[in-house]
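K.L.:
Residue numbers (this note's numbering): 2 to 322.
1. When burial is assigned at 16 or more other CB atoms within 10 Å of the CB, is residue 54 buried or exposed?
2. Can you give the Cα-Cα distance for residue 315 and residue 138, rounded to whole angstroms?
3. Quick check: the Cα distance between residue 204 and residue 293, rounded to an integer number of angstroms?
4. Can you tell me whether DSSP reads residue 309 as helix, strand or coil?
5. Going by the DSSP bridge assignment, what does residue 164 pair with across the sheet?
6. Specify the secondary structure class of residue 126 as computed by DSSP and reduced to three states.
7. Pull up the CB-CB distance for residue 252 and residue 186, whole angstroms please, since I reckon it's below 8 Å.
8. How would you call residue 155, buried or exposed, if buried means at least 16 neighbouring beta carbons within 10 angstroms?
9. Let me make sure I understand the geometry here. Which of 268, 229 and 212 has the alpha-carbon closest to that of residue 245?
10. Excluding five sequence neighbours on each side, which residues of the same chain lie with their C-beta closer than 7 Å to the C-beta of residue 320?
11. Output the distance between the C-alpha atoms of residue 148 and residue 177, rounded to the nearest integer angstrom.
12. Just confirm the distance between the C-beta atoms of residue 303 and residue 140, as a whole number of angstroms; I'd bet it's less than 8 Å.
13. Determine the DSSP secondary structure at residue 69, reduced to helix, strand or coil.
14. Look up residue 58 in the DSSP assignment and say whether it is helix, strand or coil.
15. State the start and end residues of the unbroken alpha helix (DSSP H) segment that holds residue 183.
16. Taking the CB atoms as reference points, tell me whether residue 1 and residue 281 lie closer together than 8 Å.
17. Give me the Cα-Cα distance between residue 307 and residue 182, rounded to the nearest whole angstrom.
18. Quick check: what's the CA-CA separation for residue 80 versus residue 110?
19. Between residue 126 and residue 107, how many whole angstroms is the CB-CB distance? I'm expecting something under 8 Å.
20. Might you give, ordered along the chain, the residues of its own chain that have their beta carbon closer than 7 Å to the beta carbon of residue 216, omitting 5 neighbours on each side?
21. Cα separation between residue 13 and residue 7?
22. What residue from 270, 143 and 76 has the CA that sits closest to residue 290's CA?
23. Going by the CB atoms, is the gap between residue 118 and residue 132 shorter than 8 Å?
24. Where does residue 227 land, buried or exposed, given buried means 16+ other C-beta within 10 angstroms?
25. Are the Cβ atoms of residue 56 and residue 68 separated by less than 8 Å?
26. Under 7 Å: does the beta carbon of residue 10 sit that close to some heavy atom of the ligand ADP?
27. Measure the CB-CB distance between residue 52 and residue 180 and report whether it falls below 8 Å.
28. So, for residue 269: in the same chain, excluding its five sequence neighbours on each side, which residues have a beta-carbon less than 8 Å away from its beta-carbon?
29. Are the Cβ atoms of residue 248 and residue 190 separated by less than 8 Å?
30. What's the call for residue 305, buried or exposed, on a 16-neighbour Cβ count within 10 Å?
31. Helix, strand or coil for residue 315 per DSSP?
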């Protein structure tokens with residue numbers, strides 16, 4: 002009996018391996034043109050999808066927007082999923098209070114929240130973690146879900162055919178929102194607005210000294226004093242410019258990595274479909290997680306820096322809400 006099971010297991014492994022190899026060969030041998038012959042049959046060929054940095058426009062008119070960009074449905078889907086998880090978690094907590102038993106969803110969500118909060122607390126301390134955590138967790142969850150949704154079947158492959166320069170082009174219904182520069186720049190803008198808010202919240206009017214600082218130390222006299230006044234004022238202007246540049250730094254970093262991943266998957270799928278693309282999809286899962294961590298971590302660091310006085314010291318008259 003045991004020997005029969007070993008034989009069945011061996012044959013199962015052989016068949017699965019042969020199936021994977023067959024799919025690899027089929028993906029490479031599939032005709033890369035309008036149509037071709039495969040195994041004696043005429044089959045439609047693989048066509049490299051149109052690669053566009055800007056989001057494609059769906060033939061749907063929306064008030065105040067015009068034609069709907071195909072990254073907007075992905076944004077709405079991400080928001081819907083996060084809202085549904087939040088509602089399910091709230092319902093699970095209410096049921097746990099009544100029955101005394103927590104569901105797997107409640108345990109998973111609470112475990113994730115505790116892990117993220119412990120990380121934020123280890124970086125900025127408990128008091129500031131209470132203020133920074135909502136934005137940190139929101140950025141992390143939104144970017145992560147958006148990145149991973151872009152790997153689902155149908156994203157970039159199911160859509161409507163339109164004409165572009167006289168040639169038929171597939172416009173997908175869904176495309177990862179983080180592959181749209183307007184989305185990533187909006188996230189960067191929200192981050193930097195929050196940085197200024199936390200700066201004024203913890204330092205009050207002293208925070209303006211970071212940008213408007215036409216002053217010199219009181220112990221500096223003579224001709225060096227006006228030089229330091231001008232130099233410090235110029236440094237303040239550079240600080241203001243750096244705050245604006247950070248918006249573009251945030252936006253282009255996230256956009257570049259996600260868009261590059263889309264192009265990589267499109268090209269690999271065109272060259273060798275089916276099994277060969279799986280390792281690259283695994284890589285993109287990892288990249289999507291890393292980008293969510295990097296974005297939220299950088300935002301956390303900038304929040305913390307904004308609450309500190311010049312030289313990294315806490316201001317004497319901090320305003321804690």
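Every residue gets a Cβ at the ideal spot worked out from N, C-alpha and C, and that includes glycine. The structure displayed is predicted, hence computed values, not measured ones.
P.N.:
Taking the definition as stated:
1. exposed
2. With a pLDDT of 48 at residue 315, under the threshold of 50, the predicted position of this residue should be treated as unreliable, and no value is reported.
3. 29 Å
4. coil
5. 169
6. coil
7. 4 Å
8. exposed
9. 212
10. The predicted model places residue 320 with a pLDDT of 45, which falls under 50 and marks its position as unreliable, so this point remains unresolved.
11. 6 Å
12. Rounded, the Cβ-Cβ distance is 12 Å, inconsistent with contact.
13. strand
14. strand
15. 182-204
16. Since the first and last residues shown for the chain are 2 and 322, residue 1 lies out of range.
17. 26 Å
18. 16 Å
19. Contact flag wrong, Cβ pair sits at about 28 Å.
20. 230 and 233
21. 10 Å
22. 143
23. no
24. exposed
25. no
26. In terms of ligand content, the structure shown is empty, and the ligand ADP therefore cannot be addressed.
27. no
28. 277, 278 and 281
29. yes
30. buried
31. Unreliable positioning characterises residue 315 in this predicted model, as indicated by a pLDDT of 48, which lies under 50. A coordinate reading is not provided.
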